[in-house]
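To start, the structure under review is shown below, and the notes come after it.
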């Protein structure tokens, strides 16, 4: 048997060094930063942005956690650490299971290529081989209701068709661990209900869901726990109601 | 439940174990990067296809424009240097074709991580995939250009024989060198943004200081800019056998040393710095 699906962070820091900003002018702004990570200095007196500060979390099969916090609180950075994109400057990440990161549905869409070719290109980025991509392709095309446009260049698509294609590609695979940054747009109204259902199913079937969102409705319908981030620090971690009241307190401050 | 809304379950995503850090993650990046040949080979092909989409001749424009360039320059320089065109043209053409592999690849590697930052920050594929993709695409271009060599073998009097086969191991060595150098440049340039410009300058001068438009035999004595010019060895180790001469021990030795140095630089810089790359771009 393979290892169980899990993801955990232990004392994770993520620090960005700032190379291109004149340090003097930045110095003046040190205190002025109202949102975003904490600006600080590292041991060698360079300016760093602390995007995540001592974050720990443990996720097991069945956990659907929402990341809450205002813009720049560290939600996206945390998702990227889980996806393996940022390697923490301090602390440990341990994760096992297949991962799908849904950060940008339009990633890698080639406007000159056909819908079918785009599905193939995109599936490459997900680590799916040619054979599997083939079987995915028909299902995606059917779901996206592209009809005869499947073999036309994507630049000839209407905005709605493109949105449907992107949505269908993005939601076509079933990972063990699903990372989502904000809700995903799904095109026109007629498609919306169908898309909603598919999205709900995808999230419901993934072993672990990590959803960064500003939409309380989405969070409440999808998640069973939440984490509140502020300036890269974990302010609160617990059930959803408690986390939202902690968020309300934070905003009221 | 609506059947058509159910995502396909037949496709399993690759399971990942994200553990370890720094060097050990960099090692798995390198290994996974090569193993993911389907990704970089297909993306590389797609780059070429995109560039020549809706063109009737397609990527063979690469061959044609190279052929036109070397023919025109061949005639011009043969007259200027007062040398026999039939001996000069193959040398010039191979020089151009090889340079057309080295320079664009190295230049591209300088900006590769920055150019792919959207993917790096959003997709979870190994970073070396981007390097492999660039090199693979340049190899496709090289293959199209190399057709010219077969044309020259057919029309001109090039002495080919068993000795020509030395070009194969030589080319493999040179490709490894380019991979190492490209990896090194990619890492260093992601951090220090002046280096791409420096590299571009060096390559521009390198074109004239390397025996492409001229041959080393034209110089009365060995100039320092040949002895210390890595491109001299990288060009000669492939060009000599293709023109019917075994590369000299000096050329083999020089090429071997350059390969070793470039590969070491590339691997060491990547292993040590991989964890910072996503932060830099």
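Protein chains in written order, with our numbering: chain A, 1 to 253; chain B, 1 to 281.
Cβ coordinates follow ideal geometry from the N, Cα and C atoms, glycine included.
These numbers were taken from a predicted model, which means no experiment stands behind them.
Top-ranked residue by Cα proximity to residue i, from the options
i: residue 185/B; options: 176/B, 226/B, 158/B and 106/B; result: 106/B
i: residue 256/B; options: 230/B, 273/B, 45/B and 165/B; result: 230/B
i: residue 69/A; options: 227/A, 253/A, 239/A and 240/A; result: 227/A
i: residue 173/A; options: 57/A, 113/A and 198/A; result: 198/A
i: residue 235/A; options: 251/A, 224/A and 222/A; result: 251/A
i: residue 225/A; options: 246/A, 215/A, 121/A and 241/A; result: 241/A
i: residue 169/B; options: 21/B, 218/B and 240/B; result: 240/B
i: residue 190/B; options: 32/B, 45/B, 29/B and 278/B; result: 278/B
i: residue 109/A; options: 100/A, 119/A and 103/A; result: 119/A
i: residue 237/B; options: 34/B, 100/B, 76/B and 258/B; result: 258/B
i: residue 46/A; options: 177/A, 15/A and 193/A; result: 15/A
i: residue 204/B; options: 66/B, 25/B and 100/B; result: 100/B
i: residue 6/A; options: 248/A, 209/A, 17/A and 205/A; result: 209/A
i: residue 128/A; options: 36/B, 266/B and 274/B; result: 36/B
i: residue 170/A; options: 94/A, 72/A, 140/A and 111/A; result: 140/A
i: residue 182/A; options: 105/A, 53/A, 158/A and 121/A; result: 105/A
i: residue 181/B; options: 110/B, 212/B and 68/B; result: 110/B
Chain-ordered neighbours of residue i on chain A, where CB pairs are closer than 9 angstroms
i: residue 39/B; result: 124, 125 and 127
i: residue 52/B; result: The premise fails here: residue 52/B is roughly 11 angstroms from chain A at the closest Cβ pair, so nothing lies under 9 angstroms.
i: residue 279/B; result: 14, 15, 16, 17, 86, 87 and 89
i: residue 21/B; result: 87, 88, 92 and 93
i: residue 222/B; result: Ordered by position in chain A, no residue passes the 9 angstroms Cβ test against residue 222/B, which lies about 43 angstroms from the chain.
Collapsed DSSP secondary structure at residue i in the structure displayed
i: residue 82/B; result: coil
i: residue 177/A; result: strand
i: residue 244/B; result: coil
i: residue 25/A; result: With a pLDDT of 47 at residue 25/A, under the threshold of 50, the modelled position of this residue cannot be trusted; read the value that follows with caution. Three-state DSSP puts residue 25/A in a helix.
i: residue 135/A; result: helix
i: residue 209/A; result: strand
i: residue 98/A; result: strand
i: residue 60/A; result: strand
i: residue 221/A; result: helix
i: residue 64/B; result: helix
i: residue 114/A; result: strand
i: residue 236/A; result: strand
Test: residue i CB closer than 7 angstroms to a CB of chain B
i: residue 149/A; result: no
i: residue 83/A; result: yes
i: residue 250/A; result: no
i: residue 145/A; result: no
i: residue 112/A; result: yes
i: residue 107/A; result: yes
i: residue 51/A; result: no
i: residue 40/A; result: no
i: residue 204/A; result: no
i: residue 220/A; result: no
i: residue 23/A; result: With a pLDDT of 49 at residue 23/A, under the threshold of 50, the modelled position of that residue is not reliable, and no figure is offered here.
Status (buried if at least 16 other CB within 10 Å, exposed otherwise) for residue i
i: residue 98/B; result: buried
i: residue 155/A; result: exposed
i: residue 229/A; result: buried
i: residue 161/A; result: buried
i: residue 1/A; result: Caution is warranted here: a pLDDT of 46 is assigned to residue 1/A, below 50, making its placement in the model unreliable, and the coordinate value is therefore given only provisionally. Residue 1/A comes out exposed.
i: residue 162/B; result: exposed
i: residue 116/A; result: buried
i: residue 75/A; result: buried
i: residue 135/A; result: exposed
i: residue 56/B; result: exposed
i: residue 206/B; result: buried
i: residue 90/A; result: exposed
i: residue 65/B; result: exposed
i: residue 196/B; result: buried
i: residue 131/A; result: exposed
i: residue 202/B; result: exposed
Neighbour flag for residue i against chain A, beta carbons, 7 angstroms
i: residue 137/B; result: no
i: residue 269/B; result: no
i: residue 42/B; result: yes
i: residue 125/B; result: yes
i: residue 275/B; result: yes
Contact set between residue i and chain B, taken where Cβ atoms lie within less than 7 angstroms
i: residue 104/A; result: 122
i: residue 130/A; result: 38
i: residue 55/A; result: None at all; the shortest Cβ gap to chain B is about 16 angstroms.
Amino acids of chain B, ordered along the chain, whose beta-carbon sits closer than 9 angstroms to that of residue i
i: residue 256/A; result: Only positions 1 to 253 of chain A appear in this structure, which leaves residue 256/A out of reach.
i: residue 210/A; result: Here the premise fails: no neighbours, minimum Cβ distance about 14 angstroms.
i: residue 189/A; result: Ordered by position in chain B, no residue passes the 9 angstroms Cβ test against residue 189/A, which lies about 16 angstroms from the chain.
Cross-chain neighbours of residue i in chain A, by beta carbon under 8 angstroms
i: residue 118/B; result: 104 and 107
i: residue 46/B; result: 110, 113, 117 and 121
Cross-chain neighbours of residue i in chain A, by beta carbon under 7 angstroms
i: residue 25/B; result: 87
Interface partners of residue i on chain B, CB under 8 angstroms
i: residue 101/A; result: 122, 123 and 124
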